[in-house]
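Structure first, commentary second.
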Amino acid sequence: MTATRRTGYSPQEIEPKWQRVWAERGVMKASDSSTKPKYYDLVMYPYPSGELHMGHARNYVMGDILARMKRMQGFEVLHPFGWDAFGLPAENAAMRHPGVHPQKWTLDNIAESKRDLKMLGILYDWDREVTSCLPDYYRWNQWLFELFYERGLAYRAMSPVNWCPVDKTVLANEQVINGRCWRHPDVEVEKKDLEQWFFRITDYAQRLLEDLATLEHWPHKVRVMQTNWIGRSEGAEVDFPLVGPVNESVRIYTTRPDTLFGATFMVLAPEHPLMPRITTPEHRTEVEAYTERARKETEIDRLSTEREKTGVPTGAFAINPVNGEQVPIWIADYVLVTYGTGAIMAVPAHDERDFEFALRFGLPIREVIAPPSGPQGHLKEAYTGPGTMVNSGEFNGLDSKSGFERVCDSLERKGQGKRSVKYRLRDWLISRQRYWGSPIPIVYCETDGMVMVPKDQLPVLLPKPYKPLAEQPDFYNTTCPKCGREARRETDTMDTFVDSSWYFLRYASAHDDTQAFDPELANHWMPVDQYTGGVEHAILHLLYSRFFMKVLHDAGMVEATEPFVRLFNQGMVKRFGQVMSKSAGNGVSTAELVAKQSADAGRVYEMFIGPPEEDVEWTDAGVNGVGRFLQRVWRLVVEPTSIAVEGGGADAIALARKAAQTVKKVTDDYDALRFNTAVAALMELANAMQDYLQRGGTRDAGWDRAVQTLVKLLNPVAPHVCEEMWERLEGEGLLADASWPVYDAVIAAEPEVTVVVQVGGRLRARLTMEAGASEQKVLEAALANPKVKAALDGSTPSKVIYVPDRLINLVP
RNA sequence: GCCGAGGUGGCGGAAUGGCAGACGCGUCGGUCUCAAAAACCGAUGUCCGCAAGGACGUGCGGGUUCGACUCCCGCUCUCGGCACCA
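When we follow this note's numbering, the leftmost residue of the first sequence carries the number 1285, and every step to the right adds one.
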């Protein structure tokens, strides 16, 4: 007997159809006034790089799956999109193709990317689209800059800055990776002194650190990275009075005041302001030569731990306040002027760097902390752990922890020092000497100094000609808003991370031309329930956004203090062993995939290919396999044929039970973003359905249940084909139906279950009983059973295992 | 160096302490075809065996447990982050 001819479906026909239908129905338009519970589903807005390939698509698909599921579950979903549209690539393109303006290049790219997103069936509320390079957005960037300025959080300072010689721009600390430019891993960053704008993020260091503890739905890794980046340490500042006529002290910072008696020398950073005054005449030449060389050295050399320590003595001495000892003062570049006080006391016995330095220059090493065990004296290396204080006068015998406190108490009592908390976090340098960014709305006037452009005169528009702003007199020549006399505009633009630090608020009222965002609407939608994007933003973007949120909270503009409740970092898509990218030439073009296979297959494949947080390798065979799966689902749902088989054995109850279990599994998996196992579970259900038909199963209630379950649960991942199938089954699209299947009690069909009760790993009871409505009920009933109660003997079970019949002989 | 995450078939990967390898790819066999491709059906951890079946298997070494991929201790390798922050 031959099976009837099976036709399958044509994705090229149904996919455009449903994309049209969704657009017409406006299914992803978020209502601000809905009575449904809100769900804010956000993917990191991208830099618009033009045509999309499937490497870009992965996180958008994840976001889309959640949006569709939450909508079907009855949430009012905000799923917006926008473009991080300022930045260097547009300028580079403009330089490569003279005559092409960065704006045109950017807007063309946006159009291409948008077309490809739609082609993949990813639904956004495009009415709320945000484009950061357009005046109606960057106007509010400038407005927020002024808010920061008014609150004392934006300031200008001369600063040695990181300078990328290729991009000819200043880089933030965060953009320097191992002393090299983040955009050019082979280009060393130089140092240069410039007047720069900063945001005072260090004022928020403690709150940024503390609130990390509340972000329990963030990846552990990201929280650890931010914690380390903020880098809080507790210690003390101690004054070492200078020896000689100068009535001054050197203030040092240490995290180990308990080792104060072991300080045998001091080290100042080469840039330390005290250096020129304390250096003795006979050491002057040497010190100046050293500091000059340190200044010229690039970050990469300076930061290398491989490098041998260098330094020179100043000839000056200072007095250790705790024991009156005179210690020599050295200059060395292993001490950083930007951290602590730019000066340290060196305790070679208990600090690896000081130890190395002391060995190199023959400086004394004195042990003041005895390790809890092992021989003391004769150190081969620095002992940095805790121990007992020795050679420390009145503090001898104290353990290092209480010694820390007692020494601090003593210093504070005598006015020689004080407890002090330091952070590694530096202020955020936002100035960029680039054209394609938000102009900083400040005017310099000879009479009035630095003046903000009045808010009603914003935006300060970017001039049309593509040329550095500092070379455009039409731009920088202006009048002072206060006195009306000639003045000069600031020609720096803002770091694009400023733009991306608040765009998620703009979505709440994307077209409001009276304010950056409507506080009421922002409070309605915020915080973001799910934020999805690349791990490369684990520090910069996320820390800055958190900072903005806190500042805006303090300004009374938003209620929440954290922007993102749940964060997820998806892995990257590779092909031929490399991350998919235009430059590597290994991208799978969205348009081509859709033409040859289908958007649905691409979507399902990217979810099925591996754990969402892992990097995955794209293979064409893999996507074809998923295409086969979707065709098989179509045949099962639309053209089912049961085949009479000898022996039969089709079990409709078992199929219905399988469907119910799949509902639970897939719903949980989607919620936890375990898309790979969700798809696998749907494949299992399809296999079970096929098996059922092959055993001669017919279209009864169990079958219908399985069909509905499969189509609904698969819909968020493969929306086009599922909508089409649903229409054929029910006469309408699924999103219109908007109902998510609920896990219910088919499990009651389980005739008997065995329950095993354990206390503290000890087996206490085992009994067979009639099944209840659900696993949970079975367990509850088991605990109420007198036999179990007796076995438990009043103690609480550490574990109750529900064991299906087929496994019971494994339990003793 | 410090911090974090991981080592499971030929491959990607599944497994609240309870049948290791779900699901898929690949491979092999079959159906259809003049043939090939596609599609569909079946087999597929390794070793021994014609078979029924047996033995061995989650980086390495110990431990806890009736039972360990899973928990604990030690080691090792890989990948990510930070890196002279006193």
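Yeah, the Cβ is synthetic: ideal placement off N, Cα and C, and Gly gets one too.
Contact annotation: V1460 and V1445 have beta-carbon atoms that are not nearer than 8 Å.
If you check the CB distance, T1511 and V1652 do not come in under 8 Å. When Cβ pairs closer than 8 Å are counted between the two stretches, the region 1867 to 1878 is seen not to touch the region 1313 to 1320, the count staying below three.
Spanning the alpha carbons of R1579 and T1564 requires a straight line of approximately 21 Å. The region 1588 to 1634 contains, as complete beta strand (DSSP E) runs of 3+ residues, the segments 1596 to 1603, 1610 to 1615 and 1627 to 1630 (chain order).
Under the DSSP assignment, N1446 falls in the beta strand (DSSP E) whose first and last residues are A1438 to C1448.
Taking all protein chains in view, the Cβ of M1442 is surrounded by fewer than 16 other Cβ atoms within 10 Å, so the residue is classified as exposed.
For N1761, the uninterrupted beta strand (DSSP E) segment begins and ends at N1761 to T1763. Annotated three-state conformation of D1935 is coil, per DSSP.
Here the alpha carbons of T1575 and T1539 stand approximately 26 Å from one another. Taking the CA atoms as reference points, L1709 sits about 50 Å from V1995.
Fewer than three beta-carbon pairs drawn from the region 1803 to 1823 and the region 1740 to 1750 are found closer than 8 Å, and the two stretches are therefore not classed as touching. For E1696, the enclosing alpha helix (DSSP H) covers residues S1684 to K1698. The way I'd put it, the region 1340 to 1358 doesn't touch the region 1753 to 1760; fewer than three beta-carbon pairs between them come closer than 8 Å. Scanning the region 1939 to 2017 from its first residue to its last, the whole alpha helix (DSSP H) runs of 4-plus residues come out as 1959 to 1978, 1985 to 1998 and 2003 to 2014.
Counting only residues of its own chain and dropping the five nearest sequence neighbours on each side, V1922 has a CB closer than 7 Å to the CB of M2009 and R2012.
Here R1304 is exposed. Its C-beta has fewer than 16 other C-beta atoms within 10 Å. For M1891, the enclosing alpha helix (DSSP H) has its first and last residue at A1883 to F1892. Here A1654 is bridged, per DSSP, to T1672. Annotated as proximal: W1306 and L1407, with beta-carbon spacing under 8 Å. Under the DSSP definition of a beta bridge, K1313 lacks any partner. Taking the Cα positions, Y1329 is about 12 Å away from I1394.
For R1773, the uninterrupted beta strand (DSSP E) run begins and ends at E1770 to R1773, by DSSP. Within the DSSP secondary-structure output, I1461 pairs in a beta bridge with R1464.
DSSP places V1922 in the helix class (H, G or I) of the three-state scheme. Nearest C-alpha to F1679 among N1607, M1864 and R1435: N1607.
Spanning the alpha carbons of G1886 and P1895 requires a straight line of approximately 16 Å.
Under the three-state reduction of DSSP output, D1411 falls in the helix class.
Spatial neighbours of M1509 in its own chain (CB-CB distance under 7 Å, excluding positions within 5 residues in sequence) are listed in chain order as A1822 and I1823. The criterion of a C-beta distance shorter than 8 Å is not satisfied by K1685 and C1729. When rounded, the separation of the alpha-carbon atoms in R1772 and P1752 is 15 Å. Within the DSSP bridge table, the entry for N1853 names G1817 as partners. Note on geometry: alpha-carbon atoms of R1535 and L1493 lie some 27 Å from one another.
Going by beta carbons, V1631 and I1615 fall outside the 8 Å limit. With a cut-off of 8 Å on Cβ pairs, the region 1964 to 1984 is in contact with the region 1935 to 1955, counting three or more such pairs.
About 5 Å separates the Cβ atoms of V1888 and V1910, confirming a contact at the 8 Å cut-off.
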